[in-house]
Structure formats: C-alpha cells, structure tokens
Amino acid sequence: MSIYKLTNHSNPKIDKILKTIVRLHPDEINLSLHRIKNLLKKLDNPQNKLPFAIHIAGTNGKGSIVTALYKLQKLNRKIVHVYRSPHLVSINERIIVANKIISDESLLQALTYVYKVNKLNTITFFEFLTATAFYIFSKLKADLLICEVGLGGTYDATNTLNHKKKACIISSIGLDHKEYLGNSIKKIANEKSGILKKNNLLICSHQNKSALNVVKKASLMNKCKTFFYGKDWHIKNKNLYFKNGNKINLSNLSLEGNHQYKNIGCVIMACNNLRKLRIGHEKIPDYISKLKVEGRLHKLNGHLRSRYPNTDFWVDCAHNALGFQVLRKWVLKKQISRIIIILSLGIRKDYKAILKQIKKINPKFLVLIRKTNFSSRSAKDLYVEASRLKIKCKIINSTLETIEFAASIKSRYNARNICLIAGSINLVGEIINQDKLI
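For the sequence shown, this note's numbering gives the first residue as 255, with consecutive numbering after it.
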C-alpha cells in the first residue's frame, strides 16, 4: 500500500499524526521484531492482556477469512476485536474494537499516546499501528481477537502476540512479496509458518505440495494440533466434509468464487474445534448466507450502477498471479464472455505473470490507468507486455475516465457490459469510495 494511502485521512488531526509516524522509519517495510517489542514493553506489554486470538497468515484469502470469522462470531453473539490490513478506504477499518470500527476520536487519542511513549525511536508504520491496536484492545474486554498478519509471519509485528493464547489459520500460500519473503514457495511457506508456536491449534487450507510439506514440518516441530485440508477436512459439491464423514452444506454461501468455500471451510473448522467459538451446525447455513466481504469479488450497487445502468462493475483485490488464476476460474464458471478489465498493479508485483493469467481470461478490453493517486507500475510497462501477449488494451488518463470508457463500450447483442476492477487494493478502495460518492 502506498504511503499516500497509508497517511491520507479525512480527519486533519489524524492525517497529521499519521504523516508524522511514517517519518519515524525511512522504509515502509523492514521486517524485524526488536523495535515493536521495545515499544510494547514501554506500553506495559498490552499483547499479554489480550483475549484469545486467532492469528491468520497466508498469501491469498486472509482478508476473506478474517471478515467471515468476525461476522460469524458476531452473529454468534461474541464480542470481537479485529486487527486487519490493509484498508480499502479509511485506516479506521483496520481496527475493530468490541464489534465496532474504531472512531476518529479513539484512534487519535491512542495514536497520540503511543507516539508520546515511543518518543522519536525508529519504528515502521505497521509496527507502530500494531502496537497501538494491541494497546487499544488491552483496555476493553472481548471474547476473541482476530489478528491478520501484515507480511510473512516470522518477523511480522503481529507475531508478538502471546503464543499461549492463540490458534492459527494458514490460508493459501503462493508467490508474492518475493523481495521480502524469498523467491520460492518453500521459502515463503517457511515465513508464513513462523506464526506457529508450541501447542497452537492450526487450521491449514489447501496448499501445493511444497508449501504443505513446510507447514507440516513446522507444525510437528511445535507439537501443534492440526487440521489440514485434504486430510482432516475437504470441500466437495458445496459441502464441507469432516474426517469422520459428517458434513455441512455450504450452498447458501453468499460469497462469489469457488475459492471462498475453502476460506469459509477454514473459518468453520476453527469454530468447530475451539470451544469458545463453537457454533451449532444447524445455524451455519443461515449465517453464511449473510456474509459480504468488501473488495473480494463483490458487485457494486451504488452510484456507479445508477450512473452507468448498462454496466455491471465488480471489484476484487487480486494482486498476484494466484489471485488472477482464481478470477479466471470465476469468469469461466460465470460464463462471462469478453469481460472488460480495469487494471493497476503495484511497482513490485510480477506483472508479467499476472498478464499471462489475464491473457487466459481473454478480456474484451484491458484498460490501464496513466495517472493514479498511489505508487504503481507504469501503464506503459503494462501496455508493452500486454501488447506482446496480444491482449487488446488501452491507456486512459484517470480512474474515473477508465470507468466512463468501460461503460461506453457497446456489448454484443445489447447484453450488459461486465467490468472487473482488480490488481491493486488502492485502486479497489478508490473505486468503492467513488461508488459511494458520485
């Protein structure tokens, strides 16, 4: 996520302090635990005063698992704290305190206090925000904390959680953030598995063989109680099957995409195997029919739909090749012919691998944005590679103009245009915001 998006806030006082915090470290990412441990100690170790935590790592699916687990436990009448990242529109989204997104007043108060305690000691933005969230959570009782890893696992700031009071979920692992985590699935899986501590319960989603072997080894070393996809549970024909042969029907799931069945499977397995989270199986079909995860294959039904009635706009936070592979399967299942894709990618993303997946989707048009409000790969780089792959593409000046262009394309037989916006959480957040504002 760009520094602009991290620090841009509608509240001028919060905006000011966020920009001040960013300057405490020259790098946006610098994986280490010593800085946050020092700050947590000065805050009287709030990480040891938190409720039981579900610690969630992985490459793809973390956000969906976090949101689904939170909403199911909320329906289960539990009081839940949530720490997640990144955010789509406002940084407040990252911190949910006792079932409510943190208010500007509470956020400002906590940021100001932690800044005062930290003084001018070097610390990254994410480390500072994690310490602030733990401090906030420690002041108010809850039944559960859901905590999403920021990057990797081993040296992620969230890995300061009290290991005696947590369980872990590891979602699908793929190639992403190679410059920080390593250039192979094995190395990345090793980093993700770093959240596992002695005697933790582990729910592990579907993995390729290389990642699975790494996670299994780490779980054995830490004597974890494990529930692996394929061995202890699996999904078939929209049913979650347990090892004993029992099953739960998931056909009511309101989320788009077959991948979401595995994500909701992780959530149900956690609820099923932790007494504090248990939900009666008879309630689950109703609960999962009420789920909505913003920015994950969700259809926009706000002002964009009113303004462009002949176009359906979908947004998804896919930002790596594995994510676009999932989108390709979704397009195929929905039998969408000649979809329009609006794309923006981060500078460090493997854009060639992503464009190969987009080529397989066979879009009617790939629309690229020349000027964005965030740090992104140049539209020219994407255009050159897309043209080499013989993907029909066009560069448009701004985000709003790309929307207008996509809506103006005439579809065959007067059918509705389908436009998918993906590749960048920053872009998806901007579009969602526009859908609410226009």
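No residue lacks a Cβ here, since even glycine has one placed at the ideal position from N, Cα and C. In this text the structure is predicted, and so the values were computed from the model without any measurement.
{"Asked": "Alpha-carbon to alpha-carbon, Ile650 and Ser678", "Found": "17 Å"}
{"Asked": "7 Å Cβ shell around Cys520 - same chain, five flanking residues per side excluded", "Found": "Ile319, Ile423, Ser425, Ile457 and Ser459"}
{"Asked": "Sequence-distant residues of the same chain with beta carbon closer than 7 Å to Ile489, five excluded per side", "Found": "Tyr515, Lys516 and Gly519"}
{"Asked": "Touch test, the region 537 to 550 against the region 566 to 578, Cβ-Cβ under 8 Å, three pairs minimum", "Found": "yes"}
{"Asked": "Beta-carbon gap between Ile663 and Phe628 smaller than 8 Å", "Found": "no"}
{"Asked": "Segment contact flag, the region 361 to 375 with the region 279 to 287, C-beta cutoff 8 Å, min 3 pairs", "Found": "no"}
{"Asked": "Within-8 Å CB hit, Ser591 to chain B", "Found": "The displayed structure is made up of one protein chain only, and chain B is not part of it."}
{"Asked": "Continuous beta strand (DSSP E) stretch holding Leu456: start and end", "Found": "Leu455 to Cys458"}
{"Asked": "Cut-off 7 Å between Cβ atoms - residues of its own chain near Ile355, not counting five sequence neighbours on either side", "Found": "Asn346 and Glu347"}
{"Asked": "Status (buried if at least 16 other CB within 10 Å, exposed otherwise) for Ile593", "Found": "buried"}
{"Asked": "Terminal residues of the alpha helix (DSSP H) in which Glu433 lies", "Found": "Lys432 to Leu435"}
{"Asked": "Span of the beta strand (DSSP E) around Ala607", "Found": "Ala607 -> not in any beta strand (DSSP E); alpha helix (DSSP H) instead, spanning Tyr605 to Ile615."}
{"Asked": "Whole-angstrom C-beta distance between Ile657 and Leu494, which should lie under 8 Å", "Found": "Contact flag wrong, Cβ pair sits at about 38 Å."}
{"Asked": "Inter-residue spacing [alpha-carbon to alpha-carbon] between Ile533 and Ile502", "Found": "12 Å"}
{"Asked": "DSSP three-state assignment for His279, whether helix, strand or coil", "Found": "coil"}
{"Asked": "Chain-order list of residues whose beta-carbon lies under 7 Å from that of Tyr667 (same chain, five-residue window excluded)", "Found": "Note on Tyr667: pLDDT 49, under 50, position unreliable in the model; the coordinate value appears next. The answer is none, since no qualifying residue turns up."}
{"Asked": "CB of Thr313 within 8 Å of CB of Asp430, strictly", "Found": "yes"}
{"Asked": "N-terminal and C-terminal residue of the beta strand (DSSP E) that Ala307 is part of", "Found": "Ala307 to Ala311"}
{"Asked": "Arg582 to His309 span [Cα, whole Å]", "Found": "29 Å"}
{"Asked": "Straight-line Cα distance separating Leu435 from Gly406", "Found": "6 Å"}
{"Asked": "C-alpha distance - Gln579 paired with Gln461, whole-angstrom precision", "Found": "15 Å"}
{"Asked": "Endpoints, beta strand (DSSP E) assigned at Lys420", "Found": "Lys420 to Ile424"}
{"Asked": "Enclosing beta strand (DSSP E) for Asn503 [first to last residue]", "Found": "Lys501 to Asn503"}
{"Asked": "Beta-carbon proximity of Ile439 to Val403, cut-off 8 Å", "Found": "no"}
{"Asked": "Where Leu674 sits in the DSSP three-state scheme", "Found": "strand"}
{"Asked": "Beta carbon of Ser505 nearer than 8 Å to that of Lys544", "Found": "no"}
{"Asked": "Per-residue DSSP class, three states only, for Tyr667", "Found": "Note that Tyr667 scores 49 on pLDDT, short of 50, meaning its location in the model is unreliable and no value can be drawn from it."}
{"Asked": "Residues bridged to Trp487 (per DSSP)", "Found": "Tyr483 and Phe496"}
{"Asked": "Val585 burial status per 10 Å Cβ neighbour count (16 or more: buried)", "Found": "buried"}
{"Asked": "Beta bridge counterpart(s) of Val351 as assigned by DSSP", "Found": "Lys354"}
{"Asked": "7 Å Cβ shell around Arg602 - same chain, five flanking residues per side excluded", "Found": "Glu433"}
{"Asked": "Cβ distance (whole Å) where Leu304 is taken to contact Ser392 below 8 Å", "Found": "6 Å"}
{"Asked": "Stretch pair the region 408 to 421 + the region 377 to 388: three plus CB contacts closer than 8 Å", "Found": "yes"}
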